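A quick write-up on the structure given underneath.
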Amino acid sequence: MMRIAAGIVAAVMAAAGFADSGGPRASRVAVPTVKIEKGEACVAPTAQMRRDHMKMLLHQRDGTMRQGLRETRFSLKNCIDCHASRETGSVLGKDGFCSSCHAYAAVSMDCFECHTPLRQSRAAGASR
Amino acid sequence: MNPERRQFLGWGAAAAGAALAPGFSLIELARARSPQEAASKLQRWGLLIDITKCADCDACVTACHEENGVTGHGRPETDAQWIRKVSLRDKRTGYAQTLPLMCQHCEHPPCVDVCPTGASFKRDDGIVLVDKHTCIGCRYCVMACPYGARSFVHEAVSGQKADVPRGKGTVESCTLCVHRVDRGETPACVAACNRDGGKAMVFGDLNDASAEIHRRLRSAPSSQVRADLALNTGVRYQGL
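Going line by line, the protein sequences match chains A and V.
In terms of the working numbering, the first sequence opens at residue 1 and continues consecutively.
In terms of the working numbering, the second sequence opens at residue 1 and continues consecutively.
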């Protein structure tokens, strides 16, 4: 009895392992493109940025909007300045820094309903 | 917290206040606000518009909409409008005047009173803004504003300016070019009027006795639009 149970557990674990590393999932959901276009280091360590970037943006947002604190370090504009793609000048699109990761994680973001996803210098150049 | 500790902290706070206050006032006089410094109640930004000099042009309107990326769809009924030229004509004498009208940045703004989410708010330095992050697009403020200064964004927007986010389903109005003011510049309409128009507009701190706007308001009569509502507007007119 014990041997059968152990066998089943082993089989399930093997199957799970295969599913994690195997092709089917990777081909269905595109792995995010993380391409850093500019700069040596981000405003905080990578692990912290991955976990907390939304908190930083939320905090900055309220300070800027309500009190007029315009320090650029954690501002959305500063994110876009470094992370916008060199080809499109945008953080959105198929390989966009923001959109590719958010598509992979299935988390919607509302920032760009109002904010421009284009790098500022690029946007200024395009409009002239 | 025991009483000794409380008193000690009280002394500390008093000392900090005494140390800060003189430096703070010096900074206030010396230069524009730094990016780390919050907007202050000591200031109140305002505009003075001399209608006798207001030429028959729309330099302010064009400059505003260019600066803030306000673009229309050729539908004047629903397109956003942050500033507009209003023509007045005395029916009996035929005397005609024209003036720019935008958000009057009231001290007691009705749009803030009616906002159910707190999205419509007045910044400490007197600029009335819409926080589009919390705006639900109910348009109560549009109806409450006696100046018709607010617009609703009916259609999806693209190509926004980086400093001026705009989006469908939110209300917007003149921000007194808050992004320029925070950099120590004047609003786009004022800059354009002084460059291309009749030099009719002055921007400044209504609380600063040394400012030109303060001097002009002190030395000549001025009026508020709908002064009967006692909203104490930040935009004042001369020659109305």
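Glycine included, every Cβ here is placed at the ideal spot set by N, Cα and C.
Every value quoted in this text rests on a predicted model; they were computed, and no experiment measured them.
C-alpha distance - residue i paired with residue j, whole-angstrom precision
| i | j | result |
| --- | --- | --- |
| Gly234(V) | Ala144(V) | 17 Å |
| Gly39(A) | Cys79(A) | 11 Å |
| Ser223(V) | Tyr237(V) | 5 Å |
| Ser75(A) | Leu101(V) | 32 Å |
| Arg139(V) | Thr116(A) | 24 Å |
| Asp79(V) | Cys42(A) | 40 Å |
| Gln36(V) | Cys82(A) | 22 Å |
| Thr175(V) | Cys103(V) | 8 Å |
| Ala244(V) | Cys135(V) | Any property of residue 244(V) remains undetermined from this structure, which presents chain V solely from 1 to 240. |
| Trp82(V) | Cys64(V) | 8 Å |
| Ala30(A) | Asp95(A) | 10 Å |
| Thr93(V) | Arg195(V) | 32 Å |
| Asp124(V) | Gly198(V) | 31 Å |
| Pro146(V) | Asn232(V) | 13 Å |
Closest Cα partner of residue i within the set the options
| i | options | result |
| --- | --- | --- |
| Glu172(V) | His133(V), Lys41(V), Ala59(V) and Asp196(V) | His133(V) |
| Ser108(A) | Val43(A), Pro45(A), Thr33(A) and Met54(A) | Met54(A) |
| Val153(V) | Glu77(V), Thr93(V), His214(V) and Val202(V) | Glu77(V) |
| Thr117(V) | Asp131(V), Leu206(V), Ala96(V) and Glu155(V) | Asp131(V) |
| Leu118(A) | Ser85(A), Asp110(A) and Ser100(A) | Ser85(A) |
| Gln120(A) | Gln67(A), Asp52(A) and Ser90(A) | Ser90(A) |
| Gly169(V) | Asp163(V), Glu155(V) and Leu129(V) | Glu155(V) |
Chain V within 7 Å of residue i, Cβ atoms only
| i | result |
| --- | --- |
| Gln60(A) | no |
| Cys114(A) | yes |
| Ser108(A) | no |
| Leu69(A) | yes |
| Met65(A) | yes |
| Gln120(A) | yes |
| Lys77(A) | yes |
Whole-number beta carbon distance between residue j and residue i, since they are thought to touch under 8 Å
| i | j | result |
| --- | --- | --- |
| Ile49(V) | Ala200(V) | 6 Å |
| Leu69(A) | Gly63(A) | 4 Å |
| Leu99(V) | Cys54(V) | 6 Å |
| Gly46(V) | Ile213(V) | 6 Å |
| Cys141(V) | Cys115(V) | 6 Å |
Residue i at chain A interface by Cβ criterion, 7 Å
| i | result |
| --- | --- |
| Pro100(V) | no |
| Gln160(V) | yes |
| Ile27(V) | Residue placement at Ile27(V) cannot be trusted, given a pLDDT of 41 that sits under 50; what the coordinates show is reported in the next sentence. So, not an interface residue. |
| His167(V) | Per the sequence presented here, residue 167(V) reads as Gly, with His not at that position. Closer than 7 Å to some Cβ of chain A, the Cβ of Gly167(V) qualifies, so yes. |
| Lys132(V) | yes |
| Pro35(V) | yes |
| Asp79(V) | no |
| Asp182(V) | yes |
| Ala38(V) | yes |
Item to check | Start-end ranges of the alpha helix (DSSP H) lying completely within the region 33-62 of chain A, minimum 4 residues | outcome: Runs of the alpha helix (DSSP H) inside the region 33-62 of chain A: 46-62.
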